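Q:
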Amino acid sequence: MSSRCSRVHNKPTFSQTILLKNLYLNPNNNAIPKSEGGFVEQINENTYTDEQIQQHFDEFYEEVYTEVEDKTKAI
Numbered sequence: 086m087s088s089r090c091s092r093v094h095n096k097p098t099f100s101q102t103i104l105l106k107n108l109y110l111n112p113n114n115n116a117i118p119k120s121e122g123g124f125v126e127q128i129n130e131n132t133y134t135d136e137q138i139q140q141h142f143d144e145f146y147e148e149v150y151t152e153v154e155d156k157t158k159a160i
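The sequence shown runs contiguously to residue 160 in the working numbering.
(1) Suppose the cutoff is 8 angstroms on Cβ atoms and the five residues either side in sequence are ignored; what does the same chain contact list for E136 look like?
(2) Please list the terminal residues of the continuous alpha helix (DSSP H) segment that includes T157.
(3) Do you know whose CA, among K106, T102 and N111, lies nearest N131's CA?
(4) Less than 8 angstroms between the beta carbons of N114 and I138, yes or no?
(5) Please report the distance separating the alpha-carbon of L108 from that of R92.
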């Protein structure tokens with residue numbers, strides 16, 4: 086939880102869901118930290134189309150899902 090965020094994020098003490106922060110990296114996210122603060126700036130224009138991004142995410146999701154399913158058999 087960032088100190089810059091004004092929303093209240095209630096974290097449950099118990100959940101049947103696993104949160105894997107920053108597991109997926111969007112290929113169009115070419116952001117870098119600014120030296121003067123915690124904000125980010127885009128260093129390049131988006132190089133992938135919406136369709137390419139969706140295909141990339143779908144392939145990533147399928148790979149992660151099948152790996153977790155193979156390892157846990159709980160999904």
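Ideal placement from N, C-alpha and C gives every residue a C-beta, glycine not left out. A quick note: this is a predicted structure, and the numbers were derived from the prediction, not measured.
A: On the basis of the coordinates in this document:
(1) none
(2) D135 to T157
(3) N111
(4) no
(5) 22 angstroms
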